[in-house]
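Please read the structure below before turning to the comments.
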Amino acid sequence: MTHTEHPELVRLGAQYLRAYADGDAVNLYRLADAWGAADLCAAACEVALAVIHATAGPRGLDVVSEAFDGSRR
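Dropping the structure here:
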């Protein structure tokens, strides 16, 4: 995941998603208390964008959009 415009949000998002995946309620509450819902949402989105870019390349979002558009028809 080398392409990130907001590395601090990617780090926060990774912490948040790890706590969520582990069912770590204490860490989830700590992160929510320290950062707030809007920042955590932005952080999770940054992680998603970084993963999409890393796995699908520069057209990653287009690839994802096309995949979902094709499945809805």
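To convert, note that position 3 of the sequence shown is 2 in numbering that gives the first Met the number 0; the numbers rise steadily by one, no gaps. Backbone N, C-alpha and C fix where the C-beta goes; we use that ideal spot for every residue, glycine too.
The beta carbon of Tyr19 sits closer than 6 angstroms to none of the beta carbons in its chain outside the five residues before and after it. DSSP places Glu65 in the helix class (H, G or I) of the three-state scheme. According to the DSSP assignment, Gly12 belongs to the alpha helix (DSSP H) that extends over 6–21.
Taken through DSSP and simplified to helix, strand or coil, Gly59 comes out as helix.
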